[in-house]
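Enquirer: At position 22 of the sequence shown (counting the first as 1) the number is 22 in the numbering used here, and the numbers step up by one without a gap. Once you've had a glance at the structure underneath, I'll fire off some questions.
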Amino acid sequence: MNKIRIINKNKLPLLRTFVGLLKRNENHMSKTNPLTKPDTPHAKSKTITLIDSDYQSLEAEEVIHDLILSKIKFLRQKQFSNMERFGHKSAHLSQRASQLQQELNELQQLLDCQNNPEQVLTIQCEIKISVN
């Protein structure tokens, strides 16, 4: 559980109320249906279809390139934030950004081998979110 630092003691009752609401909501969800199936309103996981389409080669490259670069940028910003706030880097964030950069390079090589810019590529991308 994350530690909460209270800056203003006047906000303590508000914090207790918020924690109480969270606990009640958690209890309510577990009592309503403990065996919830995925993708139902009370589920502990959700799958989102982010991309499910056919693209010409150049469009596919742009879609995937922008998506992966956005994630790499997010990881680097988080890394910078950790450096500024805590004075150390996260090995996990660095490793993950490097992995994604490598994946992007390999994908670029694959797409560069395509001789036909009119080639149609099917891209499917799902995101699964699980509550731990």
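Backbone N, C-alpha and C fix where the C-beta goes; we use that ideal spot for every residue, glycine too.
Taking C-alpha atoms, which residue in 91, 119, 87 and 53 lies nearest to residue 75?
Expert: It is 91 whose Cα lies nearest to the Cα of residue 75.
Enquirer: Does DSSP put residue 44 in a helix, in a strand, or in coil?
Expert: Coil, per DSSP.
Enquirer: Counting only the same chain and skipping the five closest in sequence on each side, list residues whose C-beta sits under 7 Å from that of residue 83.
Expert: Around residue 83: 89.
Enquirer: Quick check on residue 61: buried or exposed, where buried means 16 or more other Cβ atoms within 10 Å of its Cβ?
Expert: By the 10 Å Cβ count, residue 61 comes out buried.
Enquirer: Is the CB-CB distance between residue 51 and residue 63 below 8 Å?
Expert: Against a cut-off of 8 Å, the Cβ pair of residue 63 and residue 51 comes out as a contact.
Enquirer: Excluding the 5 residues preceding and the 5 following residue 114 in the sequence, name in chain order all residues of the same chain whose CB lies nearer than 7 Å to its CB.
Expert: The answer, listed in chain order, is 57.
Enquirer: Between the alpha carbons of residue 130 and residue 47, how many angstroms are there, rounded?
Expert: Taking the straight line from one Cα to the other gives about 9 Å.
Enquirer: Could you check where the beta strand (DSSP E) with residue 71 kicks off and where it finishes?
Expert: Where residue 71 is concerned, there is no enclosing beta strand (DSSP E), although the alpha helix (DSSP H) it sits in stretches over 57-86.
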